[in-house]
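J.:
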Amino acid sequence: PYHRAFIQGIFGGHSKGTSHGDAFYRVQAIWDETMAETAARFLADPEHRDMRLVVFAGGNHVRYGFGVPRRVFRRVPAAYVIVDPLTIEIPEDKKEKLLMDVELPELPLRPADVYWAVGYDDLEDDRVMLGVRIEKAEGGGALVEGVMPGSPADRAGIREGDVIVAVDGEPVEELFDLTFQVGQHKPGDTGPVEVVRDGERIRLEVTYDVVRHGEKR
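Residue numbers 502 to 718, in the working numbering, belong to the letters of the sequence shown in order.
#1: Taking V556 as the reference, which of Y581, P547, F525 has the closest Cα?
#2: Which residue marks the beginning of the beta strand (DSSP E) containing P693, and which one marks its end?
#3: Measuring only the C-alpha atoms, how far is F681 from L608?
#4: Which one or two residues does DSSP pair with P612 in a beta bridge?
#5: Is it the case that the Cβ atoms of D533 and G566 are separated by a distance below 8 Å?
#6: Assign R660 to one of three DSSP states: helix, strand, or coil.
#7: For a quick check, are the C-beta atoms of L587 and A657 less than 8 Å apart?
#8: Tell me whether R576 sits in a helix, a strand or coil according to DSSP, three-state version.
#9: Helix, strand or coil: which one does DSSP assign to L676?
#10: Please list, in chain order, all residues of the same chain as A654 whose beta carbon is under 6 Å from its beta carbon, the five residues on each side excluded.
#11: From the DSSP output, read off the bridge partner residues of W617.
#12: Can you tell me which of the three DSSP states D710 falls into?
#13: Look at the alpha carbon of V707 and the alpha carbon of V584, and state the distance between them as a whole number of angstroms.
#14: Do the CB positions of G662 and V683 come within less than 8 Å of each other?
#15: Assuming V666 and E695 are in contact, meaning their beta carbons sit under 8 Å apart, how far apart are those beta carbons, in whole angstroms?
#16: Rounded to whole angstroms, what's the CA-CA distance from A643 to R576? Just pull it up for me.
#17: Taking A613 and R564 to be in contact with their CB atoms under 8 Å, please state how far apart those CB atoms are, rounded to whole angstroms.
#18: Answer with buried or exposed for D678, where buried requires no fewer than 16 other C-beta atoms within 10 angstroms of its C-beta.
#19: So, with DSSP's three-state summary, where would you put L644?
#20: Alpha carbon to alpha carbon, how far is A545 from V664? Give it in angstroms, no decimals.
#21: From the DSSP output, which residues share a beta bridge with K637?
Right under this line is the structure:
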């Protein structure tokens, strides 16, 4: 009953009417069961005996353990932990668009075992890019396989074959390190990028900008 009440509360944010609330709940339950079955099959495979499974799913598929977690446990009894991202602060001008106008029931359960606090990030804003095609380099860093003409990387002097090893003084060991650090910038920002070229470590200054494919600069 708790799960149904929770899902129907969410349904109120999708539709002012309630005539299709039961159908909405059934669809949600089928979706949860499908994901749970996939996860359970992986866990039940003897070849995966020593592995841990990480499931990335929408919050309402895991909160309170209702959706995927308990359905997996029903099939394969195994310990699990629910991690739920929590946005610390949402700007007032974004709340009306981002937050559904719903009244969720008070439930005598914990939504998650661990909360992962994250800062607000507007994915609709123009995102700056270096304008490079990369792959992970042996030994760490990002190997530049191509540079877009006229891009911030091109203007800074980054070349094909360079290995990017640091951005803003932060080491780049995985490709995500580069993506994350570049993503902290806004158009017009400047910052150092360090590359290894022919065995020599070189420091370049990048002026960040939005990169759109096919757009000449």
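Cβ coordinates follow ideal geometry from the N, Cα and C atoms, glycine included.
From a predicted model like this one, the values you see are computed outputs, not experimental measurements.
T.: Here's the rundown:
#1: Y581
#2: 691-698
#3: 37 Å
#4: In the DSSP output, where bridge partners are listed per residue, P612 has none listed.
#5: no
#6: coil
#7: no
#8: helix
#9: helix
#10: L631, G632, V633, V648
#11: P586
#12: strand
#13: 36 Å
#14: no
#15: 5 Å
#16: 42 Å
#17: 6 Å
#18: buried
#19: strand
#20: 42 Å
#21: A643
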